[in-house]
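Each remark here refers to the structure printed beneath this line.
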Amino acid sequence: MKPTTPLRVVRPEPDDDPHACIAAIAEVGGVRRLVELLPFLPPQSHALGAEASRAATTVLERTAPTELAWFDGWYRGGFIQRGPPAPAWESVRLGMSSWAREHPGVVALASFHTNGFVREVAVRLLAEREDGGELPFLLIRTTDWVSTVEVAASEAVARRVRPAYVEHWLRCLGLLERLRATRRREHGVALYLRRVEELLLQDESRAQLGAALAEGALPIRRAALRLVSHLPRPEQRGLLSIAERDPDPSIALDVARAILGSPEGHDETSTIARLLRHRLGRVRCLALAKAIEHDPMSAPDRLERAIFDDARCVRELARHALTKRGGSPRDFAALYRARVAEGGGCDQTVALEGLAEVGDVSDVPLFLRFHDDPVTRRRAAAIAGIGRCDGARHLDMLEAALRDRASSVRRAALPFARRHLGRVPALRARRATPDASSGDQGPRAR
2 MKPTTPLRVV RPEPDDDPHA CIAAIAEVGG VRRLVELLPF LPPQSHALGA EASRAATTVL
62 ERTAPTELAW FDGWYRGGFI QRGPPAPAWE SVRLGMSSWA REHPGVVALA SFHTNGFVRE
122 VAVRLLAERE DGGELPFLLI RTTDWVSTVE VAASEAVARR VRPAYVEHWL RCLGLLERLR
182 ATRRREHGVA LYLRRVEELL LQDESRAQLG AALAEGALPI RRAALRLVSH LPRPEQRGLL
242 SIAERDPDPS IALDVARAIL GSPEGHDETS TIARLLRHRL GRVRCLALAK AIEHDPMSAP
302 DRLERAIFDD ARCVRELARH ALTKRGGSPR DFAALYRARV AEGGGCDQTV ALEGLAEVGD
362 VSDVPLFLRF HDDPVTRRRA AAIAGIGRCD GARHLDMLEA ALRDRASSVR RAALPFARRH
422 LGRVPALRAR RATPDASSGD QGPRAR
């Protein structure tokens, strides 16, 4: 069986093994490959019907609700417009109820049909299920253009806003966020969305909400965090601590803002100290600003350490805060030069980056020592320092940096190349860059 094209369902070729193809789709196939099963699915009579039905059910069960919504738009809006429906879809209306329980995946798939009558029958059959697997398909149909389909789906969804369905609602959080943004049937959608939020924020649902924050897919974690923000501040604490170390930068930053913005109910000093060690530079920056506000007496020590932080935003905040404190002017460039001269690992790299931010033309010879360094971060810092301090005299070096194998070096050179070479020559040099897929060891996430 050949893979499907955007134009039509591809029929099995004589030399293909259809059993092996269907087994492969069931094992690793994505939702888009469901269209390859359409010629075999019930109610059309086919020797492979039961096997194809089981494969379709398997694929649908492992597909995320947001992917199902994408498939609905792709199949009905793009795929099917360029070719006629497969015969199995045309006959779905006929005698559908007789095999609905035997082939639940086919019924779910029928809810994406282009024919509104077929979708209505599929929705009513889905509404008879009570295992939770029907929920994403019903949710997708609550914004259907056909009013009878929309009403049937909305009524079925409303009956499922109950504690037994909390786990299934959490799995659909990403899809709920997508429906929240829709303008079609928005008033009806808003009604059950409010009821779902109230259900998920009940005390009995907190453990499952915490599990979604810790282990859910990215759209689920983001939606769960938005739900947590509706709770009273003291009740947010335990759930926010779960999301504090989330690998997604936007979630980690939102959690840090929420924690630092609600000092009641926790030891603010220990919280700030913990966030100052966070892996994300922007979180450390927020924590440093809060530390300056919270304890001005100990701030100088923190600021002295922060001027050598790994993240540029933290270094800039520390230098700005130290300058504002008054006293004798600080020569930050001298501090960075001394640390570069000491040499050695990450400290030297950070010092070179700091010097590139505050140095002057006298530091160009030092930058030239590192412009071809094997460490990508040092190379990028040296190019940034050369471009900022004396770019007009080193145009060839900037142009060469635009063709560097590391994207971080190219990004460091680009603004200065545009300034001194002009936009068009700089972009031409950038387009001539060879493929950098051979391993860019760029700077850490800021």
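Numbering-wise, our numbering puts 17 at position 16 of the sequence shown, and it's gapless, one number per residue. Built from N, CA and C at the ideal position, the CB exists for glycine as well. This structure is a prediction, so every number in the text was calculated from the model and none was measured.
Between the C-alpha atoms of residue 279 and residue 256, what's the straight-line distance to the nearest angstrom?
Position 278 of the sequence shown holds residue 279. Position 255 of the sequence shown holds residue 256. One C-alpha to the other measures close to 12 Å.
Please name the residue, chosen from 68, 303, 352 and 283, that lies closest to residue 175 on a Cα-to-Cα basis.
Here residue 175 is taken as the residue at index 174 of the sequence shown, counted from 1. Ranked by how close their Cα comes to the Cα of residue 175, the residues 68, 303, 352 and 283 have 68 in first place.
Are the beta-carbon atoms belonging to residue 53 and residue 72 less than 7 Å from one another?
Numbered from its first residue, the sequence shown carries residue 53 at position 52. Numbered from its first residue, the sequence shown carries residue 72 at position 71. Using a Cβ distance threshold of 7 Å, residue 53 and residue 72 do not count as a contacting pair.
Is residue 233 close to the ligand FMN? I mean its beta-carbon at under 6 Å from any heavy atom of the ligand.
With respect to the ligand FMN, the structure shown offers nothing to examine, as it has no ligands at all.
Roughly how many whole angstroms lie between the Cα atoms of residue 36 and residue 145?
Walking along the sequence shown from the start, residue 36 turns up at place 35. Walking along the sequence shown from the start, residue 145 turns up at place 144. Approximately 21 Å between the Cα atoms of the pair.
Quick one, which of 352, 405 and 158 has its alpha-carbon nearest residue 375's?
As a working note, residue 375 is residue 374 in the sequence shown. Ranking the options by Cα distance to residue 375, first place goes to 405.
Return yes when the Cβ of residue 219 is within less than 7 Å of the Cβ of residue 249, no when it is not.
Locating residue 249 in the sequence shown gives position 248, counting from the first residue. Locating residue 219 in the sequence shown gives position 218, counting from the first residue. A distance below 7 Å separates the beta carbons of residue 249 and residue 219.
Let me make sure I understand the geometry here. Which of 203, 57, 394 and 407 has the alpha-carbon closest to that of residue 420?
By one-based count along the sequence shown, residue 420 stands at place 419. Out of 203, 57, 394 and 407, 394 has the C-alpha closest to the C-alpha of residue 420.
Since residue 1 and residue 340 should fall inside the 8 Å C-beta cutoff, what is the C-beta to C-beta distance between them, to a whole number of angstroms?
The first residue shown for the chain is 2 and the last is 447, placing residue 1 beyond what the model contains.
Buried or exposed: which applies to residue 118, given that a residue is buried once 16 or more other Cβ atoms fall within 10 Å of its Cβ?
Indexing the sequence shown from 1 puts residue 118 at position 117. When all chains shown are included, residue 118 counts as exposed.
Identify the continuous alpha helix (DSSP H) that holds residue 362 and give its terminal residues.
Taking the sequence shown and counting its residues from 1, the one referred to as residue 362 is at position 361. Taken as a continuous stretch (DSSP letters only), residue 362 belongs to no alpha helix (DSSP H), as it is neither H nor E.
Using the Cα positions of residue 194 and residue 51, report the straight-line distance between them to the nearest angstrom.
Working through the sequence shown from its first residue, we reach residue 194 at position 193. Working through the sequence shown from its first residue, we reach residue 51 at position 50. In a straight line, the C-alpha of residue 194 is about 37 Å away from that of residue 51.
Where does the unbroken alpha helix (DSSP H) through residue 299 begin, and where does it stop?
For the purposes of this step, residue 299 is taken as the residue at position 298 of the sequence shown. Neither: residue 299 is in no alpha helix (DSSP H) and is coded neither H nor E.
Rounded to a whole number of angstroms, what is the C-alpha to C-alpha distance between residue 254 and residue 244?
Within the sequence shown, the letter at position 253 stands for residue 254. Within the sequence shown, the letter at position 243 stands for residue 244. Separation of residue 254 and residue 244 (C-alpha to C-alpha, rounded to the nearest whole angstrom) is 10 Å.
Pull up the distance between the alpha-carbon of residue 77 and that of residue 172, whole angstroms please.
By one-based count along the sequence shown, residue 77 stands at place 76. By one-based count along the sequence shown, residue 172 stands at place 171. Residue 77 and residue 172 have their C-alpha atoms spaced approximately 24 Å apart.
Do the region 202–219 and the region 53–63 touch if we need at least three Cβ pairs shorter than 8 Å?
No: the two stretches stay apart, fewer than three of their Cβ pairs being nearer than 8 Å.
Between 367, 358, 362 and 272, which has its C-alpha nearest residue 413's C-alpha?
Position 412 of the sequence shown, counted from the first residue, corresponds to residue 413. Nearest option by C-alpha distance: 358.
Around the Cβ of residue 1, are there at least 16 other Cβ atoms within 10 angstroms (buried) or fewer (exposed)?
Because the chain is modelled from 2 through 447, residue 1 falls outside the range shown and cannot be assessed.
Which of the three DSSP states is assigned to residue 226 in this structure?
Against the sequence shown, residue 226 aligns to sequence position 225. Residue 226 carries a helical assignment under DSSP once its states are collapsed to helix, strand and coil.
What separation, rounded to the nearest whole angstrom, lies between the Cα atoms of residue 370 and residue 281?
The sequence position of residue 370 within the sequence shown is 369, counting from 1. The sequence position of residue 281 within the sequence shown is 280, counting from 1. Going by the C-alpha atoms only, they are around 30 Å apart.
Beta carbon of residue 178, beta carbon of residue 123: below 7 Å?
Position 177 of the sequence shown holds residue 178. Position 122 of the sequence shown holds residue 123. The beta carbons of residue 178 and residue 123 sit no closer together than 7 Å.
Helix, strand or coil for residue 176 per DSSP?
One-based indexing of the sequence shown puts residue 176 at position 175. Note: residue 176 maps to helix in three-state DSSP.
Check residue 20 in the structure and name its three-state DSSP category.
On the sequence shown, position 19 is the one that residue 20 refers to. Reduced to three states, the DSSP call for residue 20 is helix.
Going by DSSP in three states, residue 203 sits in which element: helix, strand or coil?
Taking the first residue of the sequence shown as 1, we reach residue 203 at position 202. In the structure shown, residue 203 adopts coil according to DSSP, grouped into three states.
Using the C-alpha atoms, what's the distance from residue 228 back to residue 309?
As a first step, residue 309 is located in the sequence shown; it is residue number 308 there, counting from the start. As a first step, residue 228 is located in the sequence shown; it is residue number 227 there, counting from the start. Straight-line measurement puts the Cα of residue 228 at about 37 Å from the Cα of residue 309.
Integer-rounded CB distance, given that residue 380 should sit under 8 Å from residue 417
By 1-based counting over the sequence shown, the position of residue 417 is 416. By 1-based counting over the sequence shown, the position of residue 380 is 379. 14 Å between Cβ atoms; not a contact.
Is the beta carbon of residue 154 sitting closer than 7 Å to the one on residue 142?
Numbered from its first residue, the sequence shown carries residue 154 at position 153. Numbered from its first residue, the sequence shown carries residue 142 at position 141. In this structure, residue 142 lies closer than 7 Å to residue 154 by Cβ.
Local Cβ density within 10 Å of residue 325, reported as buried at 16 or more and exposed below that:
By one-based count along the sequence shown, residue 325 stands at place 324. The residue in question, residue 325, is exposed, as its Cβ has fewer than 16 Cβ neighbours within 10 Å.
What is the DSSP secondary structure of residue 406, reduced to helix, strand or coil?
As a working mapping, residue 406 is identified with position 405 in the sequence shown. DSSP places residue 406 in coil when its eight states are reduced to three.
Cβ pair residue 107, residue 19 closer than 7 Å
Position 106 of the sequence shown holds residue 107. Position 18 of the sequence shown holds residue 19. Not in contact: residue 107 and residue 19 (Cβ atoms no closer than 7 Å).
Going by C-alpha distance, which of 168, 323 and 39 is nearest residue 198?
Position 197 of the sequence shown, counted from the start, is the residue given in the question as residue 198. For the options 168, 323 and 39, the alpha carbon positioned closest to that of residue 198 is the one of 168.
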